[in-house]
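Protein chains: 2
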Amino acid sequence: MISRYTYGSCIETGAVPEKPEIEAGALPFFVVDEEQMTLTYRMAEHDRVYGLGENLRGINKRGWIYESKCTDDPNHMEEKRSLYAAHNFFVVDGSETFGVFVDYPGIVSFDIGYTKMEELKIQASDWNLDVYVITGMDVKDIVKQFRKMIGRSYIPPLWAFGYGQSRWGYRSEDDVREVVKAYRDLQIPLDSVYLDIDYMERYKDFTLNQETFPDFPDFVEEMKKENIHLVPIIDAGVKEEKGYPVYEEGIEKGYFCKKEDGTPFVAAVWPGRALFPDMLNTEARNWFGDQYRFLLDQGIEGFWNDMNEPSIFYTEDSLKAVMEKIDTYKGKNLDLDSFSEFQGLVGGLSNNPEDYKAFYHDMDGVRVRHDRVHNLFGYNMTKAAGEAFERLEPDKRILMFSRSSYIGMHRYGGIWQGDNKSWWSHLLLNIKMMPSLNMCGFLYTGADLGGFGADTTEELLMRWLEFGIFTPLMRNHSAAGTREQEVYRFGNTAGFRHVIGLRYRLIPYLYSEYMKAALRGEMMFRPLAFDYPDDKYAAQVEDQLLLGNELMLAPVYEQNARGRYVYLPETMKMVRFKEDGTMETEIRPAGHQYIDVELTDVVFFMRPDTLIPLAKPAQCTQDIDFEHLELLKFVQNEMASYEYYHDDGYSKDYENPEHLSLLFSTTEE
Amino acid sequence: MISRYTYGSCIETGAVPEKPEIEAGALPFFVVDEEQMTLTYRMAEHDRVYGLGENLRGINKRGWIYESKCTDDPNHMEEKRSLYAAHNFFVVDGSETFGVFVDYPGIVSFDIGYTKMEELKIQASDWNLDVYVITGMDVKDIVKQFRKMIGRSYIPPLWAFGYGQSRWGYRSEDDVREVVKAYRDLQIPLDSVYLDIDYMERYKDFTLNQETFPDFPDFVEEMKKENIHLVPIIDAGVKEEKGYPVYEEGIEKGYFCKKEDGTPFVAAVWPGRALFPDMLNTEARNWFGDQYRFLLDQGIEGFWNDMNEPSIFYTEDSLKAVMEKIDTYKGKNLDLDSFSEFQGLVGGLSNNPEDYKAFYHDMDGVRVRHDRVHNLFGYNMTKAAGEAFERLEPDKRILMFSRSSYIGMHRYGGIWQGDNKSWWSHLLLNIKMMPSLNMCGFLYTGADLGGFGADTTEELLMRWLEFGIFTPLMRNHSAAGTREQEVYRFGNTAGFRHVIGLRYRLIPYLYSEYMKAALRGEMMFRPLAFDYPDDKYAAQVEDQLLLGNELMLAPVYEQNARGRYVYLPETMKMVRFKEDGTMETEIRPAGHQYIDVELTDVVFFMRPDTLIPLAKPAQCTQDIDFEHLELLKFVQNEMASYEYYHDDGYSKDYENPEHLSLLFSTTEE
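Residue numbers (the UniProt record's numbering), protein chains in the order written: chain G, 1 to 669; chain Z, 1 to 669.
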């Protein structure tokens with residue numbers, strides 16, 4: 001059951017398409033303090049808290065304070081409270097079990113046992129919020145109710161389940177050709193190459209660098225013949241430049257966000273001075289969405305939306321103020337305090353909270369200061385694209401994922417898990433984030449495999465891919481200036497071919513699971529606790545995941561490890577794919593155990609009475625044979641069956657019953 | 001056997017007091033490339049590499065590249081290559097087993113399977129190095145030979161094994177009194193309070209803020225009556241200030257490091273402009289050491305040396321250059337490149353490599369540019385103090401530990417493990433660093449418990465203390481601006497009292513183990529692999545430690561965990577101390593297993609036929625009864641014995657045979 005409670009005068013976020021009626025009574029579970037703008041719940045000692053989508057720390061969020069404040073900060077250290085998204089849905093599970101969605105577009109914090117170990121405190125920046133409280137049979141039921149309320153998750157084209165190679169630094173058509181050739185020559189499967197900011201003319205959205213990408217439609221076509229999709233990046237900021245049509249038209253029509261005095265707000269991002277389209281204004285949003293046509297018309301079928309927190313390197317005004325302050329330091333003895341101030345001022349130019357209070361949206365007639373709706377910006381940029389794709393390409397699925405997001409955006413696109421780093425701890429964070437994101441409707445997601453910032457290692461990349469082959473978005477991406485991390489830069493080609501190859505054998509299963517999760521409002525990835533609610537050890541597991549109803553994953557995520565501990569809540573069949581092409585299986589009893597996992601082994605566990613369809617090897621999704629499938633089987637009782645979803649992968653008649661078939665088996669042979 | 005090979009013309013570091021003769025033949029194990037200045041060893045697939053002292057990443061260092069370059073950088077993220085120290089000793093263990101010490105005071109990197117998974121490559125900045133190759137029966141034997149060669153490790157007074165409370169931010173005598181009162185009132189044991197930079201007059205070494213610490217000798221005495229030792233910080237940089245005697249005398253006698261033109265090198269640290277005493281010059285070092293008398297004379301018996309990498313916030317010259325460059329940005333459109341440059345210039349003012357090439361040492365007549373001997377600075381600051389203590393207080397042990405260090409410094413003081421953060425991963429790093437540091441001679445060590453930077457949580461602090469009660473240096477320390485983290489700031493007073501209380505019961509054992517390790521050149525903390533060399537699982541364990549010959553530690557280091565996996569290489573007795581004062585024991589079979597560990601449980605494992613002496617509870621080391629000890633016993637065979645070291649804890653007749661006695665038992669009753 002979902003009950004809605006409203007405080008103050010809420011700004012419409014669009015997260016909940018059809019809202020339930022407002023309840024008259026008091027908010028259950030919480031103590032409400034209007035003056036402090038807090039909701040407080042007293043947790044029992046062993047209560048667990050799940051959710052909050054893209055975030056730091058554990059599957060169980062207890063023990064830290066989180067802030068929904070979309071932020072472009074590349075150092076995701078443990079001390080941080082925010083990443084790029086705002087996903088205000090969580091479930092308390094324990095002595096009482098209930099879900100909460102705080103539909104609120106401003107900055108809000110969730111203190112989950114940080115200040116006091118037993119206290120969960122939600123604090124909003126102002127007192128205008130919709131609070132949904134959801135009760136149900138169990139956590140899965142609560143999540144399912146929530147997912148139904150927020151609407152169906154985005155569905156990408158099938159090719160987007162292939163492996164993608166990306167790097168900030170592919171500067172020309174030849175750079176891209178070299179990548180594709182290396183993969184094809186080594187027979188390592190690949191479906192897409194991503195274009196980062198390098199493809200544009202001086203970082204201008206919806207332009208092409210004519211020197212380095214001179215024949216773009218031909219090049220797109222050439223790549224398609226190789227079964228490679230090019231996926232260009234789109235940034236939130238539009239360069240300020242006379243004669244640049246997007247800028248000129250936006251200015252002329254008044255589509256950019258404005259300062260209090262009504263003049264355009266000028267921030268700086270990649271191109272230097274830039275303006276933000278008012279994504280919260282319907283007309284401006286439609287206009288921005290229409291710009292994607294520039295690339296669609298050249299054969300592009302997928303995009304990623306970046307910098308849409310929105311990221312601000314600096315603003316004209318703040319830079320001027322800092323420069324003036326710096327003048328006053330000259331010739332002085334800068335001690336601890338003044339020197340810290342100096343470095344802080346310059347470092348603090350970027351993503352400065354004051355700048356987010358300096359511009360306004362025109363929400364279809366209502367002027368709203370940006371900070372009050374900060375967390376909706378990236379969402380609405382992606383909505384701009386998603387709505388435009390419906391208009392421009394109504395019969396085709398277009399790949400779209402975003403860096404910033406809010407619940408509601410899950411209907412228009414996926415997300416990648418932000419600009420992570422080549423840290424082992426970020427591989428673990430990737431694992432932990434999957435179920436939290438699924439709870440909030442984000443199914444098409446994955447992390448930058450191998451790590452975006454900092455230098456990767458061969459071992460880290462291998463282990464990360466061994467997990468990444470299970471995530472819907474499977475992309476290897478890295479930043480300019482870091483170690484080159486295409487898999488062919490490293491020694492163990494056979495190992496990488498084996499691991500990525502396995503992805504392609506799993507795609508019929510993974511795609512089927514994705515589609516069922518999207519169409520039914522279920523989670524593709526779940527913590528063990530969700531399926532084994534009475535198991536006290538399952539409740540504590542933070543580094544294993546359930547995938548669909550069939551699999552349990554237990555990835556290796558530690559340097560030099562050649563094995564790991566695994567907890568089995570019940571008897572399972574361990575399946576091991578080895579680099580030499582062999583597969584080994586072993587039935588393992590329930591309980592705690594240690595398993596060996598050599599560097600290129602891919603291991604997963606099958607739950608009793610399940611089947612996994614497995615395709616023959618393929619070099620791209622186009623070549624996958626979805627009909628002639630091998631079945632991995634673990635038949636414990638009389639029969640195992642699998643509900644298999646398959647469609648053409650690009651058209652939109654998702655609900656066609658012909659897409660579903662039942663595979664079954666009574667024996668393991 | 002130790003063999004020494006020399007390349008070029010080495011700068012004397014003092015790490016090896018009595019050097020073996022130089023070998024004439026070729027360096028074994030390695031391929032030497034003089035042109036590239038590299039030594040390369042080809043590792044077998046399962047070789048492990050131990051050592052490198054204070055460093056990032058695993059107990060097994062394989063899989064990353066490390067750089068010996070003492071650096072003051074507060075963000076110890078996985079991508080970093082250096083911390084505050086340079087400890088160039090490691091052991092390769094596997095198909096061949098040998099130790100290597102690169103006695104070299106400049107910057108040197110250790111690529112241990114980073115560039116190529118099978119390659120270990122040492123690269124020096126110039127070609128003047130002493131390389132010691134050590135072979136022996138096993139890793140422990142190799143380490144013991146190395147430790148014997150570098151000389152006996154520093155021995156602190158007994159009270160330094162008590163618990164210490166520290167914070168950057170105790171601004172007055174009353175602040176300190178409040179801390180002490182809170183501990184004493186709650187009956188949580190405490191032996192020392194640390195004074196950070198706040199106690200000085202405007203960050204001037206060897207001064208006191210007369211307003212906030214007006215009657216210092218009386219205050220020191222007052223604290224001593226409470227059995228509290230005050231431990232002030234000493235910084236490397238001496239403030240440039242007319243009339244400040246240390247500055248004036250240093251200038252007059254020419255004791256500060258100089259620029260190429262012979263004028264004093266002015267850098268900036270806490271007080272702003274400051275000068276570095278030339279710690280590598282005997283006369284200047286003696287002079288600086290003598291300054292400690294100012295505080296010794298007021299009753300102080302312990303110090304910590306900070307900022308001695310040396311840390312440089314900026315230099316006069318570099319600040320001027322940056323300010324000029326900033327002027328050129330004015331009025332321009334700063335795009336990605338120029339804005340990154342701007343922020344990089346200002347951020348890069350601190351600890352800039354160029355600044356370390358801009359000053360010189362007078363090494364008793366030989367002028368040496370700082371970067372060539374960079375890693376010796378902190379070492380020699382601590383040597384200055386250590387030698388002075390021998391002169392000024394010959395009959396008493398003075399507590400001394402340093403942030404920066406090089407091998408050789410271990411004879412003069414301990415180290416703390418740098419300015420860590422309140423991250424769970426830093427608790428784990430603390431665990432991993434203990435054996436690596438012991439290998440390099442650093443026995444008196446520990447991390448800032450609860451974490452120095454960033455905000456701690458009650459749970460993190462509790463878990464960290466549960467490990468910290470076993471480390472010789474046991475100090476809770478935190479930075480200004482972070483959450484207050486004295487244990488009494490949190491709810492579970494009984495839990496903290498129980499955990500810290502147990503430390504005091506263990507001190508007879510811990511002190512005895514420390515003294516034996518120091519006097520015999522052994523490791524107090526060891527990886528499991530060192531004692532169980534043929535056990536393939538022991539070789540992989542990265543989160544358990546052996547302590548002495550008796551204990552195995554398996555700390556909990558994950559948020560919300562209420563248990564963990566443990567590997568037992570042999571049958572052991574699990575001992576659990578519970579908050580309610582009870583103790584439970586259970587004999588556990590060898591193998592992999594999961595153990596429950598409630599939040600305030602302290603659990604360790606006893607190896608077969610061992611005894612652990614346990615004192616009665618005490619509120620300070622002064623009150624510990626070292627004579628009437630309870631014995632924890634695990635008698636598997638005929639008899640268990642324990643070699644117990646005990647002395648008065650402050651005098652220096654360490655080798656007196658009367659300090660040793662044999663405890664034994666034939667039964668567990």
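The C-beta atom is built at its ideal place from N, Cα and C for all residues, glycine as well.
Check                                                                                                                                                                       : Outcome
Per DSSP, what kind of secondary structure is Q540 of chain Z in: helix, strand or coil?                                                                                    : helix
Roughly how many angstroms separate the alpha carbons of Y509 of chain G and Y644 of chain G, rounded to a whole number?                                                    : 8 angstroms
What residues are listed by DSSP as bridge partners for M474 of chain G?                                                                                                    : G:Y163
Inspect the CB distances between the region 471-482 of chain G and the region 157-167 of chain G and report whether three or more fall short of 8 angstroms.                : yes
What would DSSP say about W168 of chain Z, mapped onto helix, strand or coil?                                                                                               : coil
What three-state label does DSSP hand R588 of chain Z in the structure shown?                                                                                               : strand
Please list the segments of the alpha helix (DSSP H) lying wholly inside the region 347-416 of chain Z, counting only runs of 4 or more residues, in order along the chain. : 377-392
If the cut is a Cβ gap below 8 angstroms, which residues of chain G does V346 of chain Z touch?                                                                             : F342, Q343, V346 and G347
For Y594 of chain Z, go through chain G and note every residue whose CB falls closer than 8 angstroms to its CB, in chain order.                                            : Y537, Y565, Y567 and H592
Taking C-alpha atoms, which residue in Z:E558, Z:V238 and Z:D596 lies nearest to V575 of chain Z?                                                                           : Z:D596
Using beta carbons (cut-off 9 angstroms, strictly below), is F313 of chain Z in contact with chain G?                                                                       : yes
Counting only Cβ pairs nearer than 7 angstroms, list the residues of chain G close to A561 of chain Z.                                                                      : Q540
Starting from the beta carbon of D455 of chain G, find every residue of chain Z whose beta carbon is closer than 9 angstroms, and list them in chain order.                 : I65, E79 and Y114
Got a sec: is the Cβ-Cβ distance from K325 of chain Z to anything in chain G below 9 angstroms?                                                                             : no
Compare the C-alpha of Q619 of chain Z against each of Z:Y504, Z:Y412, Z:E390 and Z:L120 and name the closest.                                                              : Z:Y504
Interface residues of chain G around A160 of chain Z at Cβ under 8 angstroms?                                                                                               : Under the 8 angstroms cutoff, chain G gives no residues; its nearest Cβ is about 28 angstroms from A160 of chain Z.
Would you say Y406 of chain Z and P105 of chain Z are within 9 angstroms of each other, going by their C-beta atoms?                                                        : yes
Name the DSSP beta bridge partners of S192 of chain Z, please?                                                                                                              : Z:G164 and Z:H229
So if DSSP puts residue 672 of chain G in a beta bridge, which residue, or which two residues, is it bridged to?                                                            : Residue 672 of chain G lies beyond the range of chain G shown here (1 to 669); nothing can be said about it.
So, is Q210 of chain Z buried or exposed, given that buried needs 16 or more other C-beta atoms within 10 angstroms?                                                        : exposed
Among the candidates G:E78, G:E96 and G:I415, whose CA atom is the shortest distance from the CA of P28 of chain G?                                                         : G:E96
Let me see if you follow: with CB-CB separation under 9 angstroms, is E458 of chain G close to chain Z or not?                                                              : yes
Examine the Cβ distances between the region 296-315 of chain G and the region 264-272 of chain G and report whether three or more of them are shorter than 8 angstroms.     : yes
Taking C-beta pairs closer than 7 angstroms, name the residues in chain G that N333 of chain Z reaches, listed in chain order.                                              : G272 and R273
Taking Cβ positions only, does G58 of chain G come closer than 9 angstroms to chain Z?                                                                                      : yes
Beta-carbon of S350 of chain G versus every beta-carbon of chain Z: anything under 9 angstroms?                                                                             : yes
Chain G partners of L339 of chain Z, CB-CB under 8 angstroms?                                                                                                               : According to the sequence provided, residue 339 of chain Z is Phe. The question's Leu does not apply to it. Those within 8 angstroms of F339 of chain Z in chain G are A268, G272, F313 and Y314.
Strictly below 7 angstroms CB to CB, what residues from chain Z border R62 of chain G?                                                                                      : N560
Check the Cβ of K421 of chain G against every Cβ in chain Z and list those closer than 9 angstroms, keeping chain order.                                                    : M77, E78 and E79
Does the Cβ of R81 of chain Z have 16 or more other Cβ atoms within 10 Å, making it buried, or fewer, making it exposed?                                                    : buried
Flag G418 of chain G as yes if its beta-carbon sits less than 9 angstroms from any beta-carbon of chain Z, otherwise no.                                                    : no
Please confirm whether S425 of chain Z has its beta-carbon closer than 9 angstroms to some beta-carbon of chain G.                                                          : yes
Measuring alpha carbon to alpha carbon, tell me which residue in G:M400, G:L629, G:Q123 and G:D93 is nearest G136 of chain G.                                               : G:D93
Name the residue from Z:R152, Z:I228 and Z:I469 whose alpha carbon lies nearest to the alpha carbon of M515 of chain Z.                                                     : Z:R152
Check the Cβ-Cβ distances between L319 of chain G and every residue of chain Z, and say whether any is below 9 angstroms.                                                   : yes
Report yes or no: do the region 104-118 of chain Z and the region 48-66 of chain Z share at least 3 C-beta pairs separated by less than 8 angstroms?                        : yes
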